[in-house]
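Numbering (this note's numbering), first residue to last: 400 to 651. Every residue gets a Cβ at the ideal spot worked out from N, C-alpha and C, and that includes glycine. What you are looking at is a predicted structure, and each value in this text was computed from that prediction instead of being measured.
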Ligand SMILES: [Zn+2]
């Protein structure tokens with residue numbers, strides 16, 4: 400990870416790397432059993448692992464994201480979508496200055512997805528930077544179905560709890576997992592007449608969790624962690640050399 404290196408070591412690593420990985424997460428409630436940093440802890444661990452390869456360099460994580468909808472739970476921090484977009488754009492521009500103009504946001508938090516994608520589509524493209532957004536739960540859906548019993552991705556549920564059990568077991572409060580599940584919702588949000596009618600997480604989950612954290616295990620966490628790293632590595636190697644993402648010219 401870039402922040403572990405001296406500038407001389409960073410120069411060497413950057414001269415070999417073709418793609419930068421930027422982990423982005425949140426500091427937000429993840430039930431009574433997981434740390435507030437869950438999303439960036441997962442994103443950072445994946446990016447750190449993959450960046451051991453020469454082709455990649457990982458930046459330190461962006462640790463606060465778009466999380467206002469969790470604010471009734473103590474400790475949750477948030478920034479607006481425009482602020483996040485602006486912030487990651489400027490990180491990307493500094494990477495371009497050092498010679499890396501292909502990058503992947505390794506996103507650990509659903510609420511960051513749209514601002515990150517919009518930043519890639521608009522701000523970064525016009526600056527000559529090719530950016531993609533990698534989300535492990537989206538990129539590995541088939542594998543997730545085979546590992547976990549939950550049908551939806553959840554929040555502080557089976558999958559995220561398993562991931563933290565693998566990556567940072569000391570931060571999981573196992574004695575609170577039961578309570579997390581008792582107050583959990585089984586899906587994200589509320590709907591009436593086909594319309595989303597909830598605004599905050601607390602509108603549908605009293606513990607802050609969605610899903611079944613009691614089904615989590617470190618073994619399941621290791622499986623999805625390894626698969627997620629492998630898939631990101633494949634994506635990154637493709638991005639390093641592809642011409643397929645160049646902007647098409649104006650029609651005649
Ligand atoms: Zn999360």
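So, helix, strand or coil for residue i, using DSSP?
i           : result
residue 600 : helix
residue 594 : strand
residue 419 : strand
residue 582 : coil
residue 478 : coil
residue 627 : helix
residue 635 : helix
residue 554 : strand
residue 563 : helix
residue 494 : helix
residue 429 : strand
residue 449 : helix
residue 465 : coil
How far does the beta strand (DSSP E) with residue i in it extend, from its first residue to its last?
i           : result
residue 517 : No beta strand (DSSP E) contains residue 517, which is instead part of the alpha helix (DSSP H) from 512 to 518.
residue 501 : 501 to 506
residue 457 : 455 to 457
residue 532 : 529 to 533
Do residue j and residue i have their beta-carbon atoms positioned less than 8 Å apart in this structure?
i           : j           : result
residue 548 : residue 647 : no
residue 491 : residue 425 : no
residue 663 : residue 444 : Residue 663 is absent from the structure shown; the chain starts at 400 and stops at 651.
residue 638 : residue 418 : yes
residue 578 : residue 422 : no
residue 554 : residue 623 : no
residue 487 : residue 477 : no
residue 537 : residue 514 : no
residue 413 : residue 468 : no
residue 565 : residue 620 : yes
residue 628 : residue 495 : no
residue 512 : residue 561 : no
residue 556 : residue 612 : yes
residue 635 : residue 455 : yes
residue 570 : residue 505 : no
Residue range of the alpha helix (DSSP H) that residue i falls in?
i           : result
residue 541 : 540 to 546
Would you say residue i touches ligand 3, meaning its beta carbon is less than 7 Å from a heavy atom?
i           : result
residue 402 : As far as ligands go, the structure on display features ligand 1 and does not contain ligand 3.
For ligand 1, residues whose Cβ lies under 6 Å from any non-hydrogen atom: Ordered by chain, the residues meeting the criterion of a beta-carbon within less than 6 Å of a non-hydrogen atom of ligand 1 are 429, 437, 438, 508, 554, 559.
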